[in-house]
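S.K.: Below is the structure I would like to discuss, written out as structure tokens.
2 protein chains.
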Amino acid sequence: MSAVAAKPILYSYFRSSCSWRVRIALALKGISYDLVPVNLVKDGGQQFSAEFKALNPMKQVPALKIDGITLSQSLAIIHYLEETRPNPSLLPQDPKKRAQVRMIADHIVSGIQPLQNLGVLKQIGERKMEWAQNYISSGFQALEQILQHTAGRYCVGDEVSMADLCLVPQVANAERFKVDMGPYPTITRINKALLELEAFKVSHPCRQPDTPAELRA
Amino acid sequence: MSAVAAKPILYSYFRSSCSWRVRIALALKGISYDLVPVNLVKDGGQQFSAEFKALNPMKQVPALKIDGITLSQSLAIIHYLEETRPNPSLLPQDPKKRAQVRMIADHIVSGIQPLQNLGVLKQIGERKMEWAQNYISSGFQALEQILQHTAGRYCVGDEVSMADLCLVPQVANAERFKVDMGPYPTITRINKALLELEAFKVSHPCRQPDTPAELRA
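In order, the protein sequence lines correspond to chains A and B. Take the first sequence: its position 128, counting from 1, is numbered 128 in the UniProt record's numbering, and each next residue is one higher. Take the second sequence: its position 44, counting from 1, is numbered 44 in the UniProt record's numbering, and each next residue is one higher.
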């Protein structure tokens, strides 16, 4: 079937931390793809267009067209890539270590990011900076403690995992919201180590086709 | 090792939708466990106690002590149970169907529940009812559309999956927040079918050791 052989299409926004997670996975696994930018702020948000809504009723990026289907939700997409393109693996072999990876990933994906995303902050209004800082700080406090038990060079041991794909974009959000990273030396150390890897560099928000000129690096 | 043989301990709150997800998984897989209630409202929230924080730095239920480790985050726990106690399976065999299951589960777990949980609503103050209704309704609108492509008797085909474990507790939250379920006939139908299953009944918030007498059924 031609649909199966077609190049995957990633619907992405340069600054979306959820899109970045998937861009890292695609880069790590060496999956070539086309990128269609969806600007979450222009025209009141292009994710709300009838065209995009037909593609993803959740009206969110990322969405990935692959193997004849369209998937959304970053971790569901990453798990699909892991199960269909297993090398290099983004999960350890040991079930307990896999559980630690997923616990950290879910903590970020469900416990931190949703509370500081664009749509929610719009609802919060003028308190939004403080709101975002509080949720990120409180999430990072817990994460810093958890990493004491799980981390090696990266979030869980010395291999890059799904947890790391969630960590780096969340730290970038923390920096945007001017969260004091002083109390989180382990998060800071791991983030720095990950940003040295090529897959994290090429997928970075400052190097996307839709990155505005003034934010390019 | 005795730790491996010990009965799992679930830290749970009767009304927590995230705890209910795990209670369903344990029931479906026939895993016997002890339950320790953590009252999220009494004493300003028992999850904030030093004792509980040492157990789960995320200060949330559920947490599960099992096989010598303590896990948190409901989907991470459920994945661990799936990988170590695979029968009955809560994921289809086909990778595309697995992706649909995870997409629906993540949509609820990251896209709906975090925005209407107790801690967030406390921050929102008097607008909290409207806030919760808006996020649940908007999430259910998307979900209703997605289910048109995935549902059989349950969320994805005719077998109970992780998606269903997330659906039923979220519908219960919707009912508590008096969300009009009229626009969501597929969600309503699947929820009803699931509530007929024994595992969903025994794990129900109205039948927990910490359910107050006036809410028992």
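Every residue, glycine too, gets a C-beta built ideally from N, C-alpha and C.
1. Using a Cβ-Cβ cutoff of less than 7 Å, which residues in the same chain neighbour A:K53 once the five nearest sequence positions on both sides are dropped?
2. Alpha carbon to alpha carbon, what distance is there between A:S89 and A:K96?
3. Which value, in whole angstroms, describes the spacing of the CA atoms of A:C166 and B:T70?
4. Got a sec: is the Cβ-Cβ distance from B:H107 to anything in chain A below 8 Å?
5. Once DSSP output is grouped into helix, strand and coil, what is the label at A:V109?
6. Cβ closer than 7 Å: which chain B residues qualify as neighbours of residue 251 of chain A?
7. Taking 8 Å as the cut-off, decide whether the C-beta atoms of A:V163 and A:A105 are in contact.
8. If I measure Cβ to Cβ from A:M1 and keep anything under 6 Å in the same chain, skipping five residues before and after, which residues do I get?
9. Excluding the five sequence neighbours on either side, which residues of its own chain have a C-beta within less than 6 Å of the C-beta of A:P205, listed in chain order?
10. Hey, does B:A172 have any beta-carbon neighbour from chain A nearer than 8 Å?
11. Tell me the rounded alpha-carbon separation between A:A151 and A:R23.
12. From this set, B:L121, B:I78, B:V120, which residue's C-alpha is nearest A:M103's C-alpha?
13. So, at 8 Å on beta carbons, what are the nonlocal neighbours of A:I136 in its own chain, with the 5 sequence-adjacent residues on each side left out?
14. Taking the beta strand (DSSP E) that A:Y11 falls in, what are its first and last residues?
15. Could you pull the start and end residues of the beta strand (DSSP E) that A:A63 belongs to?
16. Report the neighbours of A:S12 on chain B: residues whose CB is nearer than 9 Å to its CB, in chain order.
17. What did DSSP end up calling A:P205 once you bin it into helix, strand or coil?
18. Let's test the definition: count the other Cβ atoms within 10 Å of the Cβ of residue 219 of chain A and tell me whether it reaches 16, buried, or not, exposed.
19. Would B:V160 pass as a contact of B:L195 if the rule is Cβ separation under 8 Å?
20. Within 8 Å (strictly less), CB to CB, does B:T84 reach chain A?
21. By Cβ distance, which residues of its chain are closer than 6 Å to B:A3, with the 5 residues on each side in sequence left out?
22. Return the first residue and the last residue of the beta strand (DSSP E) that B:V36 is part of.
23. Does the Cβ of B:F48 have 16 or more other Cβ atoms within 10 Å, making it buried, or fewer, making it exposed?
24. What runs of the alpha helix (DSSP H), each 4 residues or longer, lie entirely inside the UniProt domain "GST C-terminal" (94-213) of chain B?
25. Secondary structure at B:S16, three-state DSSP: helix, strand or coil?
26. Can you name the start and end residues of the beta strand (DSSP E) that B:L71 belongs to?
27. If we ignore side chains and look at the alpha-carbon of each, how far apart do A:K42 and A:K65 end up?
28. Compare the Cα-Cα distances from B:E198 to each of B:S12, B:L26, B:Y11 and report the closest residue.
29. I want to verify the contact list: residues of chain A whose CB lies under 7 Å from the CB of B:V120, in sequence order.
30. What do you get for B:G44, buried or exposed, if any count of 16 or more other CB atoms within 10 angstroms of its CB means buried?
31. Within 8 Å of any Cβ in chain B, is that where the Cβ of A:A99 sits?
32. Does DSSP put B:A27 in a helix, in a strand, or in coil?
33. The ligand HEM heavy atoms versus the CB of B:E83: any closer than 7 Å?
34. Can you tell me which of the three DSSP states A:R21 falls into?
35. Express the C-alpha separation of B:A132 and A:Y33 in angstroms, rounding to a whole number.
36. Reducing DSSP to helix, strand and coil, say where A:K42 ends up.
M.R.: The relevant details are as follows:
1. Within the first sequence, numbered from 1, the residue matching residue 53 of chain A stands at position 53. Cβ neighbours of A:K53 beyond the five flanking positions: K59.
2. Counting from one through the first sequence, the residue named residue 96 of chain A turns up at place 96. Counting from one through the first sequence, the residue named residue 89 of chain A turns up at place 89. Answer to the nearest angstrom: the Cα atoms are 16 Å apart.
3. The count along the first sequence starts at 1 and reaches residue 166 of chain A at position 166. The count along the second sequence starts at 1 and reaches residue 70 of chain B at position 70. Rounded to the nearest angstrom, the two C-alpha atoms are 21 Å apart.
4. Locating residue 107 of chain B in the second sequence gives position 107, counting from the first residue. At least one beta carbon of chain A lies nearer than 8 Å to the beta carbon of B:H107.
5. Against the first sequence, residue 109 of chain A aligns to sequence position 109. The DSSP-derived three-state label of A:V109 is helix.
6. Outside the shown range of chain A (1 to 217) lies residue 251 of chain A, about which nothing can therefore be said.
7. Counting from 1 along the first sequence, the entry for residue 163 of chain A is found at position 163. Counting from 1 along the first sequence, the entry for residue 105 of chain A is found at position 105. Note that residue 163 of chain A is Ala in the sequence shown, not Val. Less than 8 Å separates the beta-carbon of A:A163 from that of A:A105.
8. Reading the first sequence from its first residue, position 1 is the one you call residue 1 of chain A. Low confidence applies to A:M1: its pLDDT is 47, below 50, so where it sits in the model is not reliable enough to give any reading.
9. Here residue 205 of chain A refers to the residue found at position 205 of the first sequence. Closer than 6 Å at Cβ, skipping near neighbours: F14, R15.
10. Translated into positions along the second sequence, residue 172 of chain B becomes position 172. No, B:A172 does not count as interfacial toward chain A.
11. Here the question's residue 151 of chain A lines up with position 151 in the first sequence. Here the question's residue 23 of chain A lines up with position 23 in the first sequence. Cα to Cα, the separation comes out at about 23 Å.
12. In the first sequence, counting from the first residue as 1, residue 103 of chain A sits at position 103. Cα-wise, what sits closest to A:M103 is B:I78.
13. If you number the first sequence from 1, residue 136 of chain A lands on position 136. The answer, listed in chain order, is I112, Q116, Q170, N173, A174, F177, V179.
14. Reading the first sequence from its first residue, position 11 is the one you call residue 11 of chain A. Residues 9-12.
15. Counting from one through the first sequence, the residue named residue 63 of chain A turns up at place 63. Unbroken beta strand (DSSP E) run through A:A63: 63-66.
16. Start at 1 with the first residue of the first sequence, and residue 12 of chain A comes out as number 12. Per Cβ cutoff of 9 Å: no residues; A:S12 is ~17 Å from chain B at best.
17. In the first sequence, the residue the question calls residue 205 of chain A occupies position 205. In the three-state DSSP reduction, A:P205 falls in the helix class (H, G or I).
18. Outside the modelled stretch of chain A, which goes from 1 to 217, sits residue 219 of chain A, for which no answer is possible.
19. One-based indexing of the second sequence puts residue 160 of chain B at position 160. One-based indexing of the second sequence puts residue 195 of chain B at position 195. No.
20. Translated into positions along the second sequence, residue 84 of chain B becomes position 84. Using a CB distance cut-off of 8 Å, B:T84 counts as an interface residue toward chain A.
21. Translated into positions along the second sequence, residue 3 of chain B becomes position 3. Annotation note: pLDDT 49 at B:A3 (below 50); position unreliable, coordinate value reported separately. Excluding positions up to five away in sequence, the list reads G68.
22. Numbered from 1 along the second sequence, position 36 holds the residue referred to as residue 36 of chain B. Following the DSSP letters along the chain, one finds B:V36 inside the beta strand (DSSP E) bounded by residues 34-37.
23. Position 48 of the second sequence, counted from the start, is the residue given in the question as residue 48 of chain B. The residue in question, B:F48, is exposed, as its Cβ has fewer than 16 Cβ neighbours within 10 Å.
24. 95-111, 118-124, 128-150, 162-176, 185-195, 198-202, all fully within the UniProt domain "GST C-terminal" (94-213) of chain B.
25. In the second sequence, the residue the question calls residue 16 of chain B occupies position 16. If DSSP states are grouped into helix, strand and coil, B:S16 belongs with coil.
26. Position 71 of the second sequence, counting from 1, holds the residue named residue 71 of chain B. Per DSSP, B:L71 belongs to the beta strand (DSSP E) from 69-72.
27. Counting from 1 along the first sequence, the entry for residue 42 of chain A is found at position 42. Counting from 1 along the first sequence, the entry for residue 65 of chain A is found at position 65. Answer to the nearest angstrom: the Cα atoms are 23 Å apart.
28. Numbered from its first residue, the second sequence carries residue 198 of chain B at position 198. The shortest Cα separation from B:E198 among B:S12, B:L26, B:Y11 belongs to B:L26.
29. Working through the second sequence from its first residue, we reach residue 120 of chain B at position 120. Listed by position along chain A, the residues whose Cβ is nearer than 7 Å to that of B:V120 are L115.
30. Here residue 44 of chain B is taken as the residue at index 44 of the second sequence, counted from 1. It counts as exposed.
31. On the first sequence, position 99 is the one that residue 99 of chain A refers to. For A:A99, the nearest CB of chain B lies under 8 Å from its own CB, placing it at the interface with that chain.
32. As a first step, residue 27 of chain B must be located in the second sequence, where it is residue number 27. In the structure shown, B:A27 sits in a helix (DSSP, three-state: H, G or I).
33. The model on display carries no ligand, and the ligand HEM is accordingly not part of it.
34. The sequence position of residue 21 of chain A within the first sequence is 21, counting from 1. If DSSP states are grouped into helix, strand and coil, A:R21 belongs with the helices.
35. Stepping through the first sequence from its first residue, residue 33 of chain A is reached at position 33. Stepping through the second sequence from its first residue, residue 132 of chain B is reached at position 132. Those two C-alpha atoms are separated by around 37 Å.
36. The residue you call residue 42 of chain A lines up with position 42 of the first sequence. DSSP places A:K42 within a helical segment (H, G or I) once states are collapsed to three.
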